[in-house]
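Trainee: First to last, the protein sequences are chains L and H.
Counted from 1, the first sequence has number 129 at position 129 by our numbering; the numbering is strictly sequential.
For any residue, its number in our numbering is found by taking its place in the second sequence, counting from 1, and adding 1000.
The structure is given below, and queries will be raised subsequently.
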Amino acid sequence: MRLAVLGAGAVGRSVVELAGEYGHTVTALADSSSAIVDEDGIDVDAVLARKTDDETIGTFSHDAVFDSEYDVLVEATPTTLGDAQPGFGHARAALESDHHVVLANKGPVAERYEELQALEARSEGRVLFEATVGGAIPVLSTISDVGATNVTAVRGVLNGTANFVLSRMAAEGLSYEHVLAEAQDLGVAEADPSFDVDGTDAALKCVILANVLFDGNYSIDDAVVAGIRDLPGSALELASEDGWTIRLVGEVARDGVRVGPRLVPEHGTLAVSGTRNIVQFETKHAGQLNISGRGAGGPETASAVLSDVTTLEREE
Amino acid sequence: MADHDGHVQAYTVRLELADEPGELLHALEPIAEYGGNLLSVFHERGSLTPRGHIPVEVDLECPPDRFDTIVSALREASVNVIRAGAERYDEEITVVLTGHIIDTDVSDTLSRITSESNTSVVDISLSAPEGTSDVSSARLRLATDATETADVLDTVTAVAEEKELRVIAPLTEGEGIA
């Protein structure tokens, strides 16, 4: 498939780097200021080297991507809340011209799901978004395999940064500030970690799951969200006296979405450590299903994007 | 037990004792004193609780109306009763509270939780490493009836909300998602 990739952050770059291995060709790449378009396939190494050197992708305007020849638009620009722009507009432009869209950007799926579905219904193109929930973990394809109507609820640990902080606080008896600073040094946490530690990122993923499972209509405003910022180290210490630990758990059920710190059994399935994620499905006929793996990272998330592309190719 | 109609029932009481000489005897005395008949004592030496205490399980029989007196007598003798009688307290819930726990009157918090829902606080552990006027944490172990855990958690949440405390409630494997 010919891919037009929007966004040249960790995920966009990894998609471009790995596309060839999956048998696809990148014919366009853009960041917010410029683009490169080549219908024979862009020279990935040269483009990424230039981007690193002088921050410019190419000489084309950003919009040139939409006029180029491509099969799938990969949307990997940063997630925004509210109107989910410019991600939503990018997806709309591709769908209105009957192209497929693969989203790594959570905004459009969490905040404007029904509009996205309506655009897809009128288009020859399809929208897939495996990468938006749980990084490399096949969360959405598991739901489609099991059947959305057979899944009654989902819960999980869906934010690696918050999980890293909590598992370090518990293991080393360190304070929140100390561990956060360490996570920032390691590159696990952003300079502004609010999106992760306040629970917003986990909530968006849960809202996406609610939309997929329960026919849309959910947005971040429907989620009850609490983060881990004010959690004293002593809370983790006391929890461990009784064999518990604390994880930032997201819960998705028909009556709503909830994210907050919860006590989970210290050696239980949900007590994943470090940056691992886990997703637990409650199913009607098959009991509980657990899948765990790397929930973030450039190549990990790109692998989910590329598996969506492969799905689209198989369906053609 | 001549003053009763002869009906006695078996109960299991689970205690947590400090690893010191005389502790077991001290714990068994109130049982005998208030008319309990000891059936067996299982002293789990070697399997310490996370706080370094020894779990002890005592089976006893007594008339049903005596059982509460025995449990109260144990508590009055400062014996830590973890579980008392399967039919009354068949479920334990651990919750962690964080915030200004001490400043907001911790004993009032506990008595409101127990008076406003069908539960008893079997154990509490407090940690205030930054001093009592700063943010602290408390772990409560609450005993209740299995059918009432949701109600107990609602009460804990309501009391905590009033005092601007945060509740970290348990999520167990296989628990239905609320």
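Idealized CB from N, CA, C, for every residue including glycine.
None of the values given here were measured: they were computed from a predicted structure.
Using three-state DSSP, classify residue 146 of chain L as helix, strand or coil.
Mentor: Residue 146 of chain L falls in the helix class under three-state DSSP.
Trainee: Over what stretch of residues does the alpha helix (DSSP H) that includes residue 211 of chain L continue unbroken?
Mentor: Unbroken alpha helix (DSSP H) run through residue 211 of chain L: 200-213.
Trainee: DSSP three-state label for residue 272 of chain L, please.
Mentor: Correct three-state label for residue 272 of chain L: coil.
Trainee: Hey, does residue 237 of chain L have any beta-carbon neighbour from chain H nearer than 8 Å?
Mentor: It does; some Cβ of chain H falls within 8 Å.
Trainee: Count the other C-beta atoms from every protein chain shown that fall within 10 angstroms of the C-beta of residue 156 of chain L, then say buried if there are 16 or more, exposed otherwise.
Mentor: Classification of residue 156 of chain L: buried, given that the 10 Å Cβ count is 16 or more.
Trainee: Taking a cut of 9 Å between CB atoms, which residues from the region 246-271 of chain L lie near chain H?
Mentor: Taking 9 Å as the Cβ-Cβ cut-off against chain H, the residues of the region 246-271 of chain L that qualify are 246, 247, 249, 251, 252, 253, 255, 258, 260, 261, 262, 263, 264, 265, 268, 269 and 270.
Trainee: Going by the CB atoms, is the gap between residue 226 of chain L and residue 265 of chain L shorter than 8 Å?
Mentor: Contact flag unset, no.
Trainee: Does DSSP put residue 1069 of chain H in a helix, a strand or coil?
Mentor: It is helical.
Trainee: Taking any Cβ of chain L, which residues in the region 1138-1170 of chain H have a Cβ under 8 Å from it, in chain order?
Mentor: Going along the region 1138-1170 of chain H in chain order, one finds 1138, 1139, 1141, 1166, 1168, 1169 and 1170 with a Cβ nearer than 8 Å to chain L.
Trainee: Taking the C-alpha atoms as reference points, what is the distance between residue 1162 of chain H and residue 1107 of chain H?
Mentor: Roughly 15 Å separates the two Cα atoms.
Trainee: Can you give, in chain order, each stretch of the beta strand (DSSP E) that sits fully within the region 222-281 of chain L and has at least 3 residues?
Mentor: If we require 3 residues or more, the beta strand (DSSP E) runs fully inside the region 222-281 of chain L come out as 223-225, 244-253 and 256-265.
Trainee: Alpha carbon to alpha carbon, what distance is there between residue 183 of chain L and residue 192 of chain L?
Mentor: In a straight line, the C-alpha of residue 192 of chain L is about 12 Å away from that of residue 183 of chain L.
Trainee: Please return the same chain residues whose Cβ sits closer than 8 Å to the Cβ of residue 70 of chain L, not counting the five positions on each side in sequence.
Mentor: Only 2, 3, 4, 27, 28 and 99 meet the Cβ criterion.
Trainee: Can you list, in chain order, the residues of its chain whose CB lies under 7 Å from that of residue 1087 of chain H, leaving out five sequence neighbours each side?
Mentor: In this prediction, residue 1087 of chain H has a pLDDT of 48, which is less than 50 and means its spatial position is unreliable; what the coordinates show is noted afterwards. Result list for residue 1087 of chain H: empty, nothing under 7 Å.
Trainee: Who does residue 1096 of chain H pair with in a DSSP beta bridge?
Mentor: Looking at the DSSP assignment, residue 1096 of chain H forms a beta bridge with H/1139 and H/1168.
Trainee: Note down, one range per segment and in chain order, each beta strand (DSSP E) of at least 3 residues found wholly within the region 44-78 of chain L.
Mentor: Those beta strand (DSSP E) runs which fall completely within the region 44-78 of chain L and span 3+ residues are 72-75.
Trainee: Taking the alpha helix (DSSP H) that residue 157 of chain L belongs to, which residues open and close that run?
Mentor: Counting along the chain, residue 157 of chain L falls outside any alpha helix (DSSP H), though it belongs to the beta strand (DSSP E) covering 151-157.
Trainee: Which same chain residues, not among the five before or five after residue 148 of chain L, have their C-beta less than 7 Å away from its C-beta?
Mentor: Closer than 7 Å at the Cβ level, and outside the excluded window around residue 148 of chain L, lie 212 and 213.
Trainee: Write down the C-beta distance between residue 1016 of chain H and residue 1082 of chain H rounded to the nearest angstrom, noting that I regard them as a contact closer than 8 Å.
Mentor: At roughly 5 Å, the Cβ-Cβ gap stays under 8 Å, so residue 1016 of chain H and residue 1082 of chain H are in contact.
Trainee: Looking only at its chain, what residues have a beta carbon closer than 6 Å to the beta carbon of residue 1132 of chain H, apart from the 5 residues adjacent to it on each side?
Mentor: Excluding sequence neighbours, residue 1132 of chain H sits near 1102.
Trainee: Under the DSSP definition of a beta bridge, which residues are partnered with residue 1011 of chain H?
Mentor: Residue 1011 of chain H is bridged to H/1060.
Trainee: To the nearest angstrom, report how far apart residue 97 of chain L and residue 123 of chain L are at their CA atoms.
Mentor: Computed Cα separation, rounded: 8 Å.
Trainee: I'd like to know whether the C-beta atoms of residue 1027 of chain H and residue 1056 of chain H end up nearer to each other than 8 Å.
Mentor: For residue 1027 of chain H and residue 1056 of chain H, yes; Cβs fall inside 8 Å.
Trainee: Going by DSSP, what residue range makes up the alpha helix (DSSP H) through residue 25 of chain L?
Mentor: Not the alpha helix (DSSP H): residue 25 of chain L falls in the beta strand (DSSP E), residues 25-30.
Trainee: Between the region 1132-1147 of chain H and the region 237-246 of chain L, do at least 3 Cβ pairs fall closer than 8 Å?
Mentor: A contact exists between the region 1132-1147 of chain H and the region 237-246 of chain L.
Trainee: Classify residue 186 of chain L as buried or exposed, calling it buried when 16 or more other Cβ atoms lie within 10 Å of its own Cβ.
Mentor: By the neighbour-count rule (16 or more Cβ atoms within 10 Å), residue 186 of chain L is not buried but exposed.
Trainee: How about residue 111 of chain L: is its C-beta nearer than 8 Å to some C-beta of chain H?
Mentor: False, the Cβ-Cβ gap to chain H never drops below 8 Å.
Trainee: In chain order, what residues of the region 1103-1133 of chain H put their CB closer than 9 Å to some CB of chain L?
Mentor: Within the region 1103-1133 of chain H, the qualifying residues are 1123, 1125, 1126, 1127, 1128, 1129 and 1130.
Trainee: Whole angstroms is fine: what's the gap from residue 228 of chain L's alpha carbon to residue 43 of chain L's?
Mentor: Cα-Cα distance, rounded: 43 Å.
Trainee: How many angstroms separate the CA atom of residue 161 of chain L from the CA atom of residue 202 of chain L?
Mentor: Going from the Cα of residue 161 of chain L to the Cα of residue 202 of chain L covers about 10 Å.
Trainee: Are the CB atoms of residue 115 of chain L and residue 68 of chain L nearer to each other than 8 Å?
Mentor: In this structure, residue 68 of chain L does not lie closer than 8 Å to residue 115 of chain L by Cβ.
Trainee: Thinking C-beta only, is residue 1098 of chain H closer than 8 Å to residue 78 of chain L?
Mentor: Result no, Cβ atoms of residue 78 of chain L and residue 1098 of chain H do not sit closer than 8 Å.
Trainee: Can you tell me whether residue 1124 of chain H is helix, strand or coil according to DSSP?
Mentor: Strand, per DSSP.
Trainee: How would you label residue 1105 of chain H, buried or exposed, when you count the other beta carbons within 10 angstroms and need 16 or more for buried?
Mentor: Classification for residue 1105 of chain H: exposed.
Trainee: For residue 292 of chain L, which of helix, strand or coil comes out of DSSP?
Mentor: Three-state result, residue 292 of chain L: strand.
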